[in-house]
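Counting the sequence shown from 1 gives a position; our numbering is that position plus 395. Notes for the one structure printed next.
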Amino acid sequence: MAGRQKRLEQYMEMSVAEFFARHKELAGFSNPARAIHQTIRELVENALDATDTHRILPEITITIRERPDLAAPASNGKTQMRYVITVEDNGIGVPRSVMTEAFGKVLYSSKYVLKQSRGMYGLGVKAAVLYGQATAGEPVAVESSTRESMYSYGVKLYIDVKKNEPRIVEDGQWKKRGRWGGTRVSITLAGDWSRIRWRVIEYVKRTAIIAPYADMVLETPDGNVYYFPRLTRKMPEPPKEAKPHPHGIDLEQMKAIIKQSQAKTLEELLVKEFQSVGVVTARRFLSEVGIDPNLNPKKLLRKEYKDVLTRLVDEMKRYTGFRPPRSNYLSPIGADLIKLGLKRMFAPEWVDAVTRPPRAFEGRPFIVEVGMAWGGAIKPSPEPLLLRYANKIPLLYEEREDVSWKVISRINWKLYQVDFPAPLVILVHVASTKVPYRGVGKESISDVPELESEIKNAVQEVARRLKAYLVRKKREEEAKRRVAAIAKYLPEIARSLAILAKPPEKWSPPTPEEEREILDALIKLTVKHIEVPAEDGKKPEDVVREIISSVEVK
396 MAGRQKRLEQ YMEMSVAEFF ARHKELAGFS NPARAIHQTI RELVENALDA
446 TDTHRILPEI TITIRERPDL AAPASNGKTQ MRYVITVEDN GIGVPRSVMT
496 EAFGKVLYSS KYVLKQSRGM YGLGVKAAVL YGQATAGEPV AVESSTRESM
546 YSYGVKLYID VKKNEPRIVE DGQWKKRGRW GGTRVSITLA GDWSRIRWRV
596 IEYVKRTAII APYADMVLET PDGNVYYFPR LTRKMPEPPK EAKPHPHGID
646 LEQMKAIIKQ SQAKTLEELL VKEFQSVGVV TARRFLSEVG IDPNLNPKKL
696 LRKEYKDVLT RLVDEMKRYT GFRPPRSNYL SPIGADLIKL GLKRMFAPEW
746 VDAVTRPPRA FEGRPFIVEV GMAWGGAIKP SPEPLLLRYA NKIPLLYEER
796 EDVSWKVISR INWKLYQVDF PAPLVILVHV ASTKVPYRGV GKESISDVPE
846 LESEIKNAVQ EVARRLKAYL VRKKREEEAK RRVAAIAKYL PEIARSLAIL
896 AKPPEKWSPP TPEEEREILD ALIKLTVKHI EVPAEDGKKP EDVVREIISS
946 VEVK
């Protein structure tokens with residue numbers, strides 16, 4: 396272009412904190428209503444990880460309070476209310492040495508190890524802090540104390556979005572009163588309680604279902620208090636940290652493992668740094684793929700060994716001689732706790748649950764658990780009420796996008812004696828070191844084939860038990876109808892037989908004892924030929940007598 400210099404594109408660096416401050420919706424903070432739910436969810440997840448994964452019976456209090464003094468006009472002409480969300484737990488506490496980074500630096504977390512945890516990105520609570528300071532201008536307030544410490548310590552801070560560093564405005568320490576240990580976090584933000592009220596209450600209820608060992612309190616801005624007391628002291632086994640499995644490795648991960656490893660040979664590297672690989676297996680694998688087992692792993696980082704490294708990683712993914720991934724770093728809820736939680740929340744007439752054996756996808760283990768509740772206080776609906784969980788986190792949004800919904804919507808429920816509308820609740824829990832979420836918001840799970848198949852197997856397994864119960868119940872109800880149809884005539888038949896049983900020359904009016912003796916014989920005969928269901932430990936004969944006493948001959 397004559398006389399003009401073509402304008403070049405400008406390039407600049409953006410910190411990870413600034414990126415998520417600009418794109419709040421990626422972390423689930425898409426609007427003021429969703430922000431309240433997401434903040435509570437992130438704080439409760441941290442509270443539970445600080446308690447039950449350390450064998451501490453959780454005591455969690457969630458408080459939501461209005462801040463009218465911070466209210467401001469919204470773009471729609473209405474008033475935008477600010478809220479203070481506080482979550483307190485009795486967990487292990489946050490060490491003072493890492494407190495400011497734990498709440499003031501994005502992607503700084505204790506969760507970047509290979510084991511099951513509720514969080515996976517190290518982003519959640521910091522995204523809430525970013526949203527709060529952007530919409531209310533207030534710092535996050537944190538108070539904590541480790542159990543062995545004589546002191547409590549607190550801090551108020553902002554996140555410097557340009558530097559992705561904490562900016563401290565208050566910092567203090569004081570002698571602890573009592574023996575409290577745990578963490579209390581308060582975040583002030585713009586919110587819309589009226590639109591999110593139901594989901595927040597539902598989130599806490601669903602958390603209480605799969606954590607009946609927790610004591611949980613929710614205090615809402617409208618003055619209501621929801622209390623879910625502890626039902627049991629039994630807790631799931633906490634997950635353990637584990638080494639990666641060869642099937643789940645990519646090139647960059649392999650480079651990182653080689654850099655930090657002290658192994659002197661490739662054989663030693665496979666044995667020391669990976670699970671499910673012993674000396675014999677490592678030697679056999681390297682021999683089959685034609686790579687020197689005595690090769691120094693550090694050489695694989697050199698440019699001339701690039702093809703060898705690529706081939707090694709590819710062959711590790713394909714090799715079938717490795718044992719499956721171990722599951723001891725997963726923490727399923729357990730069938731007993733699932734049943735206990737469903738009974739408490741829904742008061743059903745029937746409930747059952749199953750924890751399936753561990754399976755794996757891409758070298759990562761996962762466990763699927765399914766619980767079902769039927770009847771009782773559950774209201775019939777046109778489709779099952781689906782409760783979805785991932786690593787013990789309730790998922791409330793994007794239900795129709797989730798693999799669990801895909802599975803249950805494709806099942807022919809008539810095969811299991813279920814005709815909708817029906818009073819059916821289905822709980823699906825997926826535990827894994829890496830849940831395949833559809834997005835950063837962690838609200839729905841992708842339909843990975845191995846996962847989809849295992850959920851289907853689990854649902855069908857419990858559905859077969861439900862079918863057996865419904866068939867038995869139907870048979871018992873039919874037996875009751877037959878007994879009722881016969882039983883109302885038994886007293887009259889007994890009276891007639893008592894009269895006819897005496898010869899004419901010795902006839903006299905039958906006594907009540909004679910009639911009762913014949914009636915007892917008729918009841919036993921009825922029970923013998925009709926399978927009378929026992930109720931609450933009663934004998935079948937007693938059930939028939941109750942039916943006789945409740946019917947009238949017309």
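Glycine included, C-beta positions come from ideal geometry on N, C-alpha and C.
Can you give me the C-alpha to C-alpha distance between residue i and residue j, rounded to a whole angstrom?
i, j, result
"Ile455", "Asn441", "11 Å"
"Tyr553", "Ala466", "20 Å"
"Thr660", "Asp702", "18 Å"
"Ile487", "Ile653", "33 Å"
"Asp610", "Gly527", "27 Å"
"Val482", "Trp593", "19 Å"
"His640", "Arg679", "17 Å"
"Val520", "Phe498", "7 Å"
"Lys933", "Leu732", "29 Å"
"Ile788", "Thr602", "7 Å"
"Ser555", "Ala412", "Per the sequence shown, the amino acid found at residue 555 is Asp instead of Ser. Roughly 8 Å separates the two Cα atoms."
"Asp687", "Gln670", "21 Å"
"Glu972", "Asp814", "A question about residue 972 goes unanswered here, because the residues of the chain that appear run from 396 up to 949."
"Glu461", "Glu533", "14 Å"
"Val798", "Pro831", "10 Å"
"Leu895", "Pro905", "10 Å"
"Met515", "Lys829", "Interpretation of Met515 is limited by its pLDDT of 46, a score under 50 that renders its predicted location unreliable; no figure is taken from the coordinates."
"Asn852", "Phe623", "32 Å"
"Gly618", "Leu438", "21 Å"
"Pro468", "Trp588", "16 Å"
"Arg574", "Val749", "39 Å"
"Val922", "Gln812", "27 Å"
"Ser410", "Gly834", "21 Å"
Please determine, among the options, the residue with the shortest C-alpha to C-alpha distance to residue i.
i, options, result
"Tyr548", "Ala497, Val489 and Pro886", "Val489"
"Thr578", "Thr446, Thr434, Met611 and Ala748", "Thr446"
"Leu861", "Glu636, Asp747, Asn786 and Val922", "Asp747"
"Leu781", "Val823, Gly486 and Ile480", "Val823"
"Arg721", "Tyr700, Lys933, Ala742 and Arg759", "Arg759"
"Ile582", "Ala730, Ile431 and Glu941", "Ile431"
"Pro752", "Val825, Tyr608, Leu695 and Ser776", "Val825"
"Met740", "Gly770, Asn559, Arg697 and Glu778", "Gly770"
"Lys774", "Val820, Tyr784 and Gln475", "Val820"
"Ser540", "Lys571, Asp645, Lys557 and Leu690", "Lys571"
"Lys473", "Ala585, Glu699, Leu892 and Ala858", "Ala585"
"Ala817", "Ala768, Val939, Ile605 and Ala879", "Ala768"
"Gly576", "Lys712, Glu632, Ile451 and Glu683", "Ile451"
"Glu796", "Asp709, Arg754 and Lys837", "Lys837"
"Ser944", "Glu900, Ala882 and Gln855", "Ala882"
Tell me which residue opens and which closes the beta strand (DSSP E) that residue i is part of.
i, result
"Tyr622", "Val620 to Phe623"
"Glu764", "Arg759 to Trp769"
"Ser539", "Val535 to Ser540"
"Met630", "Premise fails: Met630 is in no beta strand (DSSP E) and is neither H nor E."
"His824", "Leu819 to Ser827"
"Val556", "Taken as a continuous stretch (DSSP letters only), Val556 belongs to no beta strand (DSSP E), as it is neither H nor E."
Let me check one thing: in DSSP terms, what residues is residue i bridge-paired to?
i, result
"Gln475", "Ala467"
"Leu791", "Its beta-bridge partners do not exist; DSSP assigns none."
"Ala755", "Pro760"
"Glu461", "Tyr478"
For residue i, which three-state DSSP category applies?
i, result
"Val922", "helix"
"Trp902", "coil"
"Leu584", "strand"
"Glu565", "strand"
"Glu636", "coil"
"Leu509", "At Leu509 the pLDDT is 42, less than 50, meaning the model places this residue with poor confidence; the figure from the coordinates comes in the next sentence. Coil at Leu509, not helix or strand."
"Lys659", "coil"
"Lys851", "helix"
"Ser944", "helix"
"Ser799", "helix"
"Lys933", "coil"
"Gly549", "strand"
"Ala863", "helix"
"Arg783", "strand"
"Ala651", "helix"
"Asp359", "With the chain covering 396 to 949 only, the question about residue 359 has no answer from this structure."
"Asp610", "strand"
"Ala742", "coil"
"Asp484", "strand"
"Ala896", "coil"
If you measure from the beta carbon of residue i to each beta carbon in chain B, is any gap under 8 Å?
i, result
"Phe761", "Checking the listed chains, one finds no chain B in this structure; it contains a single protein chain."
At what residues does the alpha helix (DSSP H) containing residue i begin and finish?
i, result
"Asp702", "Lys701 to Arg713"
"Asn441", "Pro427 to Asp444"
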